[in-house]
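Chemist: Encoded as structure tokens, here's the structure I'll be asking about.
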Amino acid sequence: MRLGFFIGLTILVFSFVLSVLNLVSGLQLSQSMSASAEGHFIRAILALSTALIGQCSLLVSSQTWLEDLGIQQLADMDRARADRQMALAYSFAHLITVVAAVITGTISYAGSFPIVHGILGFALTIVGLISLSFWVILSLRLSNR
Numbered sequence: 000m001r002l003g004f005f006i007g008l009t010i011l012v013f014s015f016v017l018s019v020l021n022l023v024s025g026l027q028l029s030q031s032m033s034a035s036a037e038g039h040f041i042r043a044i045l046a047l048s049t050a051l052i053g054q055c056s057l058l059v060s061s062q063t064w065l066e067d068l069g070i071q072q073l074a075d076m077d078r079a080r081a082d083r084q085m086a087l088a089y090s091f092a093h094l095i096t097v098v099a100a101v102i103t104g105t106i107s108y109a110g111s112f113p114i115v116h117g118i119l120g121f122a123l124t125i126v127g128l129i130s131l132s133f134w135v136i137l138s139l140r141l142s143n144r
């Protein structure tokens with residue numbers, strides 16, 4: 000299941016990169032009409048789908064990885080489970096902010112800065128980075144066995 004975990008982690012990194020690129024293009028859209036609103040929307044849908052696929056892959060593969068390890072060292076396993084729970088909480092928050100940003104983006108228009116959509120864009124990038132960091136911490140903790 001390690002391969003599935005690292006594939007999910009790679010997909011999540013790709014989703015984070017898409018989110019950052021989309022944040023930049025969103026800022027360009029708020030400055031002028033020259034940036035592509037369609038490209039911004041397509042990147043948002045891609046970021047949403049890759050985040051969903053990556054988070055689901057990490058959810059399933061991390062549980063299987065924990066079960067495969069068994070109870071070798073109870074204290075370390077409890078810490079790994081706690082890390083997984085934190086990663087899951089941030090993953091859920093990340094998915095909610097991505098969906099909310101996509102929804103609020105559909106009612107925005109180029110040339111102005113939509114406050115709610117802009118705040119959600121920054122929030123999803125930050126929460127995505129935190130979620131990604133928790134998954135990396137969990138992978139480091141589990142791969143030390």
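Be aware that the sequence shown starts at 0, since it is given in numbering that gives the first Met the number 0, and climbs by one per residue.
No residue lacks a Cβ here, since even glycine has one placed at the ideal position from N, Cα and C.
Taking only the alpha-carbon atoms, compute the straight-line gap between F4 and V115 and give it to the nearest angstrom.
Modeler: For the purposes of this step, residue 4 is taken as the residue at position 5 of the sequence shown. For the purposes of this step, residue 115 is taken as the residue at position 116 of the sequence shown. Near 33 angstroms, if we compare the C-alpha coordinates of V115 and F4.
Chemist: Let's test the definition: count the other Cβ atoms within 10 Å of the Cβ of D67 and tell me whether it reaches 16, buried, or not, exposed.
Modeler: As a working note, residue 67 is residue 68 in the sequence shown. By the 10 Å Cβ count, D67 comes out exposed.
Chemist: Quick one: any contact between the stretch 117-129 and the stretch 52-66, if contact means 3 or more CB pairs under 8 angstroms?
Modeler: no
Chemist: Looking at F43: is its Cβ nearer than 8 angstroms to the Cβ of V101?
Modeler: Here residue 43 refers to the residue found at position 44 of the sequence shown. Here residue 101 refers to the residue found at position 102 of the sequence shown. Correcting the residue type first, residue 43 is Ala in the shown sequence and not Phe. Yes. Within cutoff.
Chemist: Which residue's Cα is closest to the Cα of I52: V12, R80, T103?
Modeler: In the sequence shown, counting from the first residue as 1, residue 52 sits at position 53. The option with the nearest alpha carbon to I52 is V12.
Chemist: Would N21 be called buried (16 or more neighbouring beta carbons within 10 Å of its own) or exposed?
Modeler: Position 22 of the sequence shown holds residue 21. Result: buried.
Chemist: With distances taken Cα to Cα, identify the nearest neighbour of L128 among S29, R140, V19, T103.
Modeler: For this step, residue 128 is matched to residue 129 along the sequence shown. Nearest C-alpha to L128: V19.
Chemist: State the DSSP-derived secondary structure class of I106, mapped to helix, strand or coil.
Modeler: Looking up residue 106 in the sequence shown gives position 107. Residue state, collapsed to three classes: coil.
Chemist: Do you know offhand how far L176's Cα is from W134's?
Modeler: The requested residue 176 does not occur in the structure, where the chain is confined to residues 0 to 144.
Chemist: Starting from N21, trace the alpha helix (DSSP H) both ways and give me its first and last residue.
Modeler: Within the sequence shown, the letter at position 22 stands for residue 21. It spans 1-30 - the alpha helix (DSSP H) in which N21 sits, taken as one unbroken run.
Chemist: Buried or exposed for S142, please, with buried defined as at least 16 other CB atoms from any protein chain shown within 10 angstroms of its CB.
Modeler: For the purposes of this step, residue 142 is identified with residue 143 of the sequence shown, where counting begins at 1. When all chains shown are included, S142 counts as exposed.
Chemist: Taking only the alpha-carbon atoms, compute the straight-line gap between A86 and E37 and give it to the nearest angstrom.
Modeler: Mapped onto the sequence shown, residue 86 falls at position 87. Mapped onto the sequence shown, residue 37 falls at position 38. Distance between the alpha carbons of A86 and E37: 32 angstroms.
Chemist: Alpha carbon to alpha carbon, how far is V97 from R83? Give it in angstroms, no decimals.
Modeler: Taking the first residue of the sequence shown as 1, we reach residue 83 at position 84. Taking the first residue of the sequence shown as 1, we reach residue 97 at position 98. Each residue's alpha carbon lies about 21 angstroms from the other.
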